[in-house]
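Structure first, commentary second.
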Amino acid sequence: MEADAIAGGFKQSVEQHGLKYNKLIGDGDSSVSKRLAEIMPYGCRLLVKKIECRNHLLRNYGTILTAMTINKKYPIPLRNHIRANILRFRYAITKAIEYRNSLQRQSDYEREVGLRKDINNSFRHILGSHDRCEKYFCKNSYNSRVEAAVISYNSNGQFLRLLHKNIVNDISPGIIGKKFITSTEKKRVDEHYGLAEPLPVEENMSKETLQKLKEDFISSLRLDRSGRLNIETLTRQQANSQIWHSERRNRLTTSNFGRVATYYGKATEPEAIVALENILKFKVNPCRLIIDEHFPYLATTPDGIIDDDFVVEIKCPFAVRDSITFLEAINCKKLLFCRLNDNGAMELKIDHHYYYQVQGQMHISKRKFCYFVVHSKNWTDIQLINYDESFWDNKMIDKLKM
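Numbers 276 to 677, taken from my numbering, label the letters of the sequence shown in order.
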């Protein structure tokens, strides 16, 4: 019932206090944030962002590490090492936070990237791999090696055994771990614990009311040129930006022009961008959310941009991951959206929704060309596509209008 109580407080905050709360500090319970995302107490223009409590995150981190020490699928030496250094895992992260906060000359984005790198590396650091450690973070294990040598000498090489026996009093740690897991499961709610009541549904809405709501919604999205440029700047981090999520949520982006969803190998995109840069000898810059000048509910986020004339769209189909060449992929009918033109080169089919996507990208971003890239681990093929204004006017815009 906690989620409903908090959601009710958000819904009445304007009436009772004249305030709108855009942030919620919470623990790992996702039911509250999920409930707020469902009811949207302040409408779709102001979403409530959840901020995880640092202490709770670190406590959960320690719980997960403790569970790893009794999971038999991991090697015994690794489990013993983690068990002996559980507090160090937490300490490494808290010290990284303190250091990054002290770098006042860096922007929030630079400090966030640095902290993310330190957190990802902290596990490697404690396990003895220091090739990615920052200079402030460690001294390439020198202190650890000195301390380990002293402890090993004083304990005749049996420090871990002696420490283990002293902590658990000769009782198997497996029993302790099982009791802890059982106790935790009993305290948590079961899978059937849901909302107290169903979400409200607007029924019997007239066409006039629906049209008015639609017009008001579109009007709320309209921005002047400076507003569009401001959002383009603020959403540079794309998926890591809360503004990117909230603004994109209210618009039909080019990735959905041809189909509701377009699949491509997100994990392979950075590799594809590097391959493209090596071929073209140009830097591919990351792109933000670009909003159409005339239709504020249309937007695009290309995979990259080059100068002022080119957008980049990358496809990494799972089906061609093992193909030796592009020709093999075509002959085996693994690339249904491409064909061979008269010159034997790759050509995107104009009736495929990817073609609609790239034309939309060029129109909204006001660029003349698109590098359409199909990439696999064995090959990279590129097609330069020109912007076709007549295609946009005759086959796209009327269907996209609201």
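We treat Cβ as the ideally placed atom computed from N, Cα and C, and that holds for glycine. This structure is a prediction, so every number in the text was calculated from the model and none was measured.
Between residue i and the rest of its own chain, which residues show a CB-CB distance below 7 Å, the 5 nearest in sequence each way excluded?
{"i": "Val586", "result": "Pro577, Ile580, Gln636, Met637, Ser640, Arg642 and Cys645"}
{"i": "Glu522", "result": "Ile506, Thr510 and Leu564"}
{"i": "Glu387", "result": "none"}
{"i": "Asp584", "result": "Arg642, Lys643 and Phe644"}
{"i": "Glu277", "result": "Val307"}
Which value, in whole angstroms, describes the spacing of the CA atoms of residue i and residue j?
{"i": "Arg375", "j": "Asp383", "result": "9 Å"}
{"i": "Val323", "j": "Glu603", "result": "49 Å"}
{"i": "Leu623", "j": "Ser288", "result": "52 Å"}
{"i": "Tyr317", "j": "Tyr411", "result": "44 Å"}
{"i": "Leu615", "j": "Ile401", "result": "53 Å"}
{"i": "Met621", "j": "Lys370", "result": "52 Å"}
{"i": "Lys454", "j": "Ser404", "result": "33 Å"}
{"i": "Glu290", "j": "Asp279", "result": "18 Å"}
{"i": "Gly284", "j": "Asp302", "result": "18 Å"}
{"i": "Gln379", "j": "Lys487", "result": "48 Å"}
{"i": "Asn395", "j": "Phe570", "result": "41 Å"}
{"i": "Lys309", "j": "Asn330", "result": "21 Å"}
{"i": "Phe434", "j": "Pro350", "result": "19 Å"}
{"i": "His678", "j": "Glu409", "result": "Beyond the ends of the chain as shown, which are 276 and 677, falls residue 678; an answer cannot be given."}
{"i": "Ile625", "j": "Cys607", "result": "21 Å"}
{"i": "Asn618", "j": "Phe398", "result": "52 Å"}
{"i": "His439", "j": "Lys590", "result": "52 Å"}
{"i": "Asn346", "j": "Pro352", "result": "12 Å"}
Could you check whether the Cβ of residue i sits closer than 8 Å to any heavy atom belonging to the ligand ZN?
{"i": "Gly579", "result": "For the ligand ZN, the structure offers nothing, since it holds no ligand at all."}
Going along the chain, which residues of its own chain have a beta-carbon closer than 8 Å to the beta-carbon of residue i, five neighbours each way excluded?
{"i": "Thr600", "result": "Asn653 and Trp654"}
{"i": "Arg365", "result": "Leu333, Tyr336 and Gly337"}
{"i": "Lys489", "result": "Met677"}
{"i": "Lys348", "result": "none"}
{"i": "Ala574", "result": "Glu522, Arg523, Arg526, Leu527, Thr528, Thr529, Leu564, Ile565, Ile566, Asp567 and Ile639"}
{"i": "Ile518", "result": "Ile506, Leu509 and Thr510"}
Suppose the cutoff is 6 Å on Cβ atoms and the five residues either side in sequence are ignored; what does the same chain contact list for residue i look like?
{"i": "Leu596", "result": "For the record, residue 596 in the displayed sequence is Arg; it is not Leu. Excluding residues within five positions, the ones whose Cβ falls inside 6 Å are Ser651."}
{"i": "Glu385", "result": "none"}
Give me the residue from the options with the minimum Cα distance to residue i.
{"i": "Tyr662", "options": "Asp673, Phe647, Ile589 and Ile368", "result": "Phe647"}
{"i": "Ala282", "options": "Ser306, Ile589, Asp302 and Leu311", "result": "Leu311"}
{"i": "Arg497", "options": "Ile566, Arg386, Ser598 and Arg380", "result": "Ile566"}
{"i": "Ala367", "options": "Ser308, Ser458 and Cys413", "result": "Cys413"}
{"i": "Arg320", "options": "Ile589, Asp656 and His520", "result": "His520"}
{"i": "Pro592", "options": "Ser665, Met671 and Leu610", "result": "Leu610"}
{"i": "Glu544", "options": "Gln632, Val649 and Gln634", "result": "Val649"}
{"i": "Asn297", "options": "Asp584, Met315, Lys461 and Glu373", "result": "Met315"}
{"i": "Leu390", "options": "Ile372, Arg380 and Gln381", "result": "Ile372"}
{"i": "Lys392", "options": "Ile672, Arg380 and Asp406", "result": "Asp406"}
{"i": "Ile548", "options": "Val633, Ile657 and Gln512", "result": "Ile657"}
{"i": "Leu659", "options": "Ser481, Val633, Ser494 and Cys562", "result": "Val633"}
{"i": "Ser516", "options": "Ile357, Cys562 and Leu551", "result": "Cys562"}
{"i": "Tyr572", "options": "Asp582, Val443, Glu277 and Ile493", "result": "Ile493"}
{"i": "Asn313", "options": "Lys286, Cys328 and Glu327", "result": "Checking the displayed sequence, the identity of residue 313 turns out to be Glu instead of Asn. Comparing Cα positions, the closest option is Lys286."}
On the premise that residue j lies in contact with residue i, defined as a C-beta separation below 8 Å, what is that separation, rounded to the nearest angstrom?
{"i": "Lys325", "j": "Leu294", "result": "Wrong, their Cβ atoms sit about 18 Å apart, outside the cutoff."}
{"i": "Thr344", "j": "Arg354", "result": "5 Å"}
{"i": "Met671", "j": "Tyr631", "result": "6 Å"}
Does residue i have its Cβ less than 9 Å from a Cβ in chain C?
{"i": "Ala280", "result": "The structure shown has no chain C; it contains just one protein chain."}
**Asked** Contact between the region 325-343 and the region 359-368: three or more CB pairs below 8 Å?
**Response** yes
**Message:** Counting beta carbon pairs with one atom in the region 539-557 and one in the region 490-508, are three or more of them shorter than 8 Å?
**Reply:** no
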